[in-house]
Amino acid sequence: MSAAVLHERPPLPLLLRWPGLVLAAVLGVAWRMSEGSLAALLAPEARAAAADFARGFWPPAHSPEFLRFLVRPLVETVAIALAGMTLALVLAAPLAWLATAPGVARAEGDAPGPLRRGAWLAARTVLNLMRSVPELVWALVFVRALGLGPAAGVAAIGIGYAGVVGKVFAEIWESSPCAPARALAAAGAPPRRAFALAVLPGSAPLLASYALYRLDCALRASAVLGLVGAGGMGVQLEFSLKMFAYDEVATLVLALFAVVAAVDLLSAWARRRLAESRGLFPAGPGALRWRAAILGTWLALAAGAAAYLELPLGELFSGATLRSAAGFFGSMFPPDLSPGFLRALVPAAAETLAVSILGSAIASVLGLGLALAAVHPGTRGLAGAPGDSRLRSGARLALAAGARGAMNLLRTLPELLWALLVIFAVGLGPFAGALALGIHNAGVLGRLYAEALEEVPPGPVAALRGAGARPLAATLLAALPQAWPQLVAYTLYRWEVAVRASAVLGVVGAGGIGALLHVSLNLFQHHRTATLVAAIVVLVTAVDLFSGWLRARILAGPASRAAPRAACAPGLANAT
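Everything in the sequence shown is counted per the numbering used here, starting at 2 for the first residue and increasing by one.
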């Protein structure tokens, strides 16, 4: 062996090379711009205020009068989510088809015409615009255009989620195997028929699974739309917080947690049933009946939600309403591009970006800790061993259950509600927004991290456990390095979501563009509102493009980049 090899220094850890140094510098700038302060968390006054604040939540309000009063806003929240998600699917389906790459379901050498390429570009642009604007911003706009009430909330979720669902549906279709569709196209089938018979059948379970997942998200989103007058339990939450009735807030949070958990369980059950067979027309009458039952139940519940909310569907899509909405949107143009306003906008946008970065960093640290605790004992040997005593195994089971319960609780409350709670502990400002993002996304990332750790190949972990390594050491040294690229990809994905959320946290005093947006809407400065919405779209789009590029680079190693793709078009389906 040569002397050069003997004296070759091992490579530095990733965090000590230039990517880690750049990350540390970015986090330092984000901490400073977000007005991060450990004193706000650790000072005796802060701890005393937080303790007094927490004591106000116990016992939760449980008087019969309040519980009866709670039923209507809770049911209204569920109805808004269901009706809004149904509207999103109706809008997303045709846009997703147009936004699918033109080469899908076409024979080799069959180039799409300029009309199809133009439709693809237009659909992509519309979907990006719809999903780049946060739901709360859509709610603020629709409250001004349609008036107070649940109709504005349904429209906000429908428009905002249509952009997300349409983009993901298009990427699912683009990532489907292309051989069957191209074989049909080569045999003379038109693109739409080849798509319907070859691409859509195999992707149907994925589409249904993602739609059910987004229903969970819509339920959480609908809980905060009442803060701007769009119906749901957000109205009562804001009122209870302003009246310092924290016992009522505790009851509202527990009720929302129970509803979200129930919907999550039902959604998981439905996804399992849908995954039992593949294809648009599954083999066997039993599977077909289950799919028909799930679809029929969704449609019946959506119709019931519309009836409960008394949505004036005829008036909502009438010419007068459309003219009123068009007049409102027309009043926003031309945008305000005055130098003084733009000078105020730049630091607000930078603060929004800093809040999203710091919040994502906090969430990744907290989420990893929760994930390590939540890994199920006995899953691929990550957190247990056959020889463990019953007491130790029971303790690990209890720890895992507690960690998963904590993750569910953290992600139940949307970022805006966490911001309202955190502001009472640390005060107004962007630091409260970063903490709110970190707390909520810790629940989301913890769940994603835990699933990634549980799915790693068991060989290296089993080898370390066989050599006497303790469960935590085996997880950190064998499972974590294998799952690391996926964990980083999940973190970048949540950063994209955090940017959209941080753009509206200023509505409740947590800094960023949201504060300017709230002022402009309250003062009917519609020209400035247009500028602020455009700034949010540009910021979110830029972060999405950068994060998507970086995520693809991390997930695809050199060998993966060189390997040919089996999909009909580039791109992977990402749950955004």
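Here a beta-carbon is modelled for each residue, glycine too, at the ideal position from N, C-alpha and C.
Local conformation of residue i per DSSP, three classes
{"i": "PHE342", "result": "helix"}
{"i": "GLY447", "result": "helix"}
{"i": "SER38", "result": "coil"}
{"i": "GLY21", "result": "helix"}
{"i": "ARG471", "result": "coil"}
{"i": "ASP53", "result": "helix"}
{"i": "ALA62", "result": "coil"}
{"i": "GLN526", "result": "coil"}
{"i": "PRO313", "result": "coil"}
{"i": "VAL105", "result": "coil"}
{"i": "MET408", "result": "helix"}
{"i": "PRO181", "result": "helix"}
{"i": "LEU436", "result": "helix"}
{"i": "VAL520", "result": "helix"}
{"i": "ASP248", "result": "helix"}
{"i": "PRO461", "result": "helix"}
{"i": "PRO336", "result": "coil"}
{"i": "VAL376", "result": "coil"}
{"i": "GLY227", "result": "helix"}
{"i": "GLY515", "result": "helix"}
{"i": "GLY297", "result": "helix"}
{"i": "GLY370", "result": "helix"}
{"i": "ALA44", "result": "coil"}
{"i": "GLY328", "result": "helix"}
{"i": "GLY232", "result": "coil"}
{"i": "GLY430", "result": "coil"}
{"i": "ALA188", "result": "coil"}
Endpoints, alpha helix (DSSP H) assigned at residue i
{"i": "THR87", "result": "65–100"}
{"i": "ALA124", "result": "115–133"}
{"i": "PHE425", "result": "416–427"}
{"i": "CYS218", "result": "201–223"}
{"i": "GLU175", "result": "151–175"}
{"i": "GLU456", "result": "Where GLU456 is concerned, there is no enclosing alpha helix (DSSP H), given that its DSSP letter is neither H nor E."}
{"i": "PRO192", "result": "192–195"}
{"i": "VAL505", "result": "Premise fails: VAL505 is in no alpha helix (DSSP H) and is neither H nor E."}
{"i": "VAL142", "result": "136–147"}
{"i": "LEU238", "result": "235–243"}
Residues near residue i by beta carbon distance below 6 Å, same chain, minus five either side
{"i": "VAL457", "result": "ALA480, GLN483 and ALA484"}
{"i": "LEU367", "result": "ALA443"}
{"i": "ARG566", "result": "For ARG566, the pLDDT reaches just 43, beneath the cut-off of 50, and the residue's location in the model is therefore unreliable, leaving the point undetermined."}
{"i": "PHE58", "result": "TYR247 and ALA251"}
{"i": "PHE143", "result": "ALA153, ALA156 and ALA157"}
{"i": "GLY161", "result": "GLU136 and TRP139"}
{"i": "THR78", "result": "SER223, ALA224, GLY233 and MET234"}
{"i": "LEU517", "result": "ALA349 and LEU533"}
{"i": "ALA307", "result": "ALA84"}
Own chain partners of residue i with C-beta closer than 7 Å, once the 5 adjacent residues on each side are dropped
{"i": "ALA499", "result": "SER357, GLY360, SER361, LEU438 and ASN442"}
{"i": "MET333", "result": "HIS527, HIS528, THR530 and ALA531"}
{"i": "ARG393", "result": "none"}
{"i": "ALA451", "result": "ALA372, ALA375 and VAL376"}
{"i": "PRO103", "result": "PRO113, ARG117, ARG118 and TRP121"}
{"i": "ILE173", "result": "SER204, LEU207, LEU208 and ALA574"}
{"i": "LEU446", "result": "ALA364, SER365, GLY368, TYR491, THR492 and ARG495"}
Nonlocal neighbours in the same chain, by C-beta distance under 8 Å from residue i, ignoring five residues either side
{"i": "LEU410", "result": "PHE258 and GLY444"}
{"i": "LEU454", "result": "ALA372, LEU373, VAL376, LEU383, THR476, ALA480, LEU481 and ALA484"}
{"i": "ASP265", "result": "ASP217 and ASN409"}
{"i": "VAL520", "result": "GLN526"}
{"i": "LEU75", "result": "MET234, ALA256, LEU257 and VAL260"}
Residue i at chain D interface by Cβ criterion, 7 Å
{"i": "TYR211", "result": "Looking at the structure shown, chain D is missing, and only one protein chain is on hand."}
| the segment 226–233 contacting the segment 148–163, beta-carbon criterion three pairs below 8 Å | The segment 148–163 and the segment 226–233 touch, with three or more beta-carbon pairs separated by less than 8 Å.
| field | Three CB pairs or more closer than 8 Å across the segment 426–439 and the segment 355–365 | value | Result yes; three or more Cβ-Cβ pairs closer than 8 Å.
| query | Do the segment 417–434 and the segment 497–517 meet, that is, are 3 or more Cβ pairs less than 8 Å apart? | reply | In this structure the segment 417–434 lies against the segment 497–517, because at least three pairs of beta carbons, one per stretch, are closer than 8 Å.
| query | When the Cβ atoms of the segment 426–433 are set against those of the segment 510–524, are three or more pairs found closer than 8 Å? | reply | Yes: at least three Cβ pairs fall under 8 Å.
| query | With contact counted as at least three CB pairs below 8 Å, one residue from each stretch, are the segment 116–134 and the segment 206–226 in contact? | reply | No contact exists between the segment 116–134 and the segment 206–226.
| request: Decide if the segment 160–174 is in contact with the segment 88–107; the criterion is three or more beta carbon pairs, one per stretch, under 8 Å apart. | output: Output reads yes: the segment 88–107 touches the segment 160–174.
| query | Are the segment 37–53 and the segment 186–194 touching, with three or more C-beta to C-beta distances below 8 Å? | reply | By the C-beta criterion, the segment 37–53 is judged not to be in contact with the segment 186–194, since fewer than 3 inter-stretch pairs fall below 8 Å.
| query | Using 8 Å as the threshold, is the segment 527–546 in touch with the segment 347–355, meaning 3 or more CB pairs across them? | reply | By the Cβ criterion, the segment 527–546 is in contact with the segment 347–355, since at least three pairs of Cβ atoms, one from each stretch, lie closer than 8 Å.
| field | Any 3 or more C-beta pairs closer than 8 Å across the segment 462–477 and the segment 399–409 | value | No, the segment 462–477 does not touch the segment 399–409.
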